[in-house]
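A short worksheet on the structure shown next.
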Amino acid sequence: MSASWWRRLGAYVSPPPLAEKPWRIALEGCPLAQRLDHARQHELRRLVGVFLARKRFHPLAGVELSDADRALIAMQACLPVLRQGPRNLRGWRDILVYPGEFRVKRSHHDDRSGVVTESEDVLIGEAWEHGPLVLSLADVQLDLAHPWDGYNVVVHEIAHKLDMLDGPPDGVPVLPTHIPRRQWIVAFQRAFDLLSNDVARGRDTLIDPYAAESPDEFFAVVSELHWSQPSVLRRADAAVAGLLEAYYGPSPAPG
Numbered sequence: 087m088s089a090s091w092w093r094r095l096g097a098y099v100s101p102p103p104l105a106e107k108p109w110r111i112a113l114e115g116c117p118l119a120q121r122l123d124h125a126r127q128h129e130l131r132r133l134v135g136v137f138l139a140r141k142r143f144h145p146l147a148g149v150e151l152s153d154a155d156r157a158l159i160a161m162q163a164c165l166p167v168l169r170q171g172p173r174n175l176r177g178w179r180d181i182l183v184y185p186g187e188f189r190v191k192r193s194h195h196d197d198r199s200g201v202v203t204e205s206e207d208v209l210i211g212e213a214w215e216h217g218p219l220v221l222s223l224a225d226v227q228l229d230l231a232h233p234w235d236g237y238n239v240v241v242h243e244i245a246h247k248l249d250m251l252d253g254p255p256d257g258v259p260v261l262p263t264h265i266p267r268r269q270w271i272v273a274f275q276r277a278f279d280l281l282s283n284d285v286a287r288g289r290d291t292l293i294d295p296y297a298a299e300s301p302d303e304f305f306a307v308v309s310e311l312h313w314s315q316p317s318v319l320r321r322a323d324a325a326v327a328g329l330l331e332a333y334y335g336p337s338p339a340p341g
């Protein structure tokens, strides 16, 4: 058989689940996964095997990345696709891992004036459309140590990846058939508008004000809340909380 035939076959043969010993080590380090029921843990283990076989990690700036670190990143990255399966991890391959915060230079061209301005952002995570996932290892480890504080950089960036499956991010991922697209758009737009208004007026908000940056950031931030502080999300907006539970499945977070 030709090499090309074998490559095509490989696209349909699923890699084996993560082996027992590294699975147990990773599970001990990830409270979100520990609290899943047996069936969802079984599926997560399968997804982590797929992720580690098909993605490539690139340690940068002197970072030391152990096999356990890779497994823990993979475990958190696979949580948001537990309900939809590994196809929702398609379209990208590489994970760039910095030791901590990293700087990104950006250029903005004003179409009206023709002026190009340069800026520099300090980030802990980034997801590129059709490109890599970029993470701060220090912040990944902080999220594992404090799993119920409302933040998770891996979940946040995977939410962006899910959002990008059908084009530029807009806060509306590819939805399963049981979630009406119009219902999602109406509920999320309403919640985003309310948050943006509160932030503009300087009011305290249950949802991180960063979510008011854009609809796609709103989706990523509330995804973090779903996995790590769903009770806060329900108080902030019950409709959005319900739609995220329908999309992601029940949160393993206490309360």
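Under our numbering, the first residue of the sequence shown is numbered 87, with each subsequent residue one higher. Note that beta-carbon positions come from the ideal geometry of N, C-alpha and C, so glycine has one too.
What residues are listed by DSSP as bridge partners for residue i?
i, result
"Arg221", "The amino acid occupying residue 221 in the given sequence is Leu; Arg does not appear at that position. DSSP output for Leu221 lists Val183, Gly211 as bridge partner(s)."
"Phe278", "In the DSSP output, where bridge partners are listed per residue, Phe278 has none listed."
"Arg121", "Note: Arg121 sits in no beta bridge, so no partner."
"Phe188", "Leu209"
Secondary structure at residue i, three-state DSSP: helix, strand or coil?
i, result
"Val260", "coil"
"Val326", "helix"
"Pro145", "strand"
"Arg169", "coil"
"Arg321", "helix"
"Arg110", "helix"
"Arg176", "coil"
"Arg287", "coil"
"Pro340", "coil"
"Glu227", "Checking the sequence, you will find Gln at residue 227 rather than Glu. The answer is helix: DSSP assigns Gln227 an H, G or I state."
"Tyr237", "coil"
"Ala105", "coil"
"Glu150", "coil"
"Gly135", "helix"
"Gln315", "coil"
"His242", "helix"
"Ser309", "helix"
"Ile265", "coil"
"Pro295", "helix"
"Pro255", "coil"
Residue i and residue j look like a contact to me (Cβ under 8 Å); what is the Cβ gap, rounded to whole Å?
i, j, result
"Pro185", "Gly148", "7 Å"
"Ser314", "Asp235", "7 Å"
"Gln213", "Glu243", "A small fix is needed here, since residue 213 is Ala in this sequence, not Gln. Going by Cβ atoms, the distance from Ala213 to Glu243 rounds to 4 Å, so yes, they are a contact pair."
"Leu113", "Ala119", "6 Å"
"Asp302", "Asp256", "6 Å"
Excluding the 5 residues preceding and the 5 following residue i in the sequence, name in chain order all residues of the same chain whose CB lies nearer than 6 Å to its CB.
i, result
"Ala325", "Ala273"
"Met250", "Glu215"
"Pro108", "Ala157"
"Arg132", "Pro103"
Kindly list the residues whose CB is nearer than 8 Å to the CB of residue i, restricted to its own chain and excluding five residues on each side of it in sequence; keep chain order.
i, result
"Asp123", "none"
Taking CB distances under 8 Å as the criterion, tell me whether residue i reaches chain C.
i, result
"Asp290", "The structure shown has no chain C; it contains just one protein chain."
So, at 7 Å on beta carbons, what are the nonlocal neighbours of residue i in its own chain, with the 5 sequence-adjacent residues on each side left out?
i, result
"Leu292", "Val318, Arg321, Ala322"
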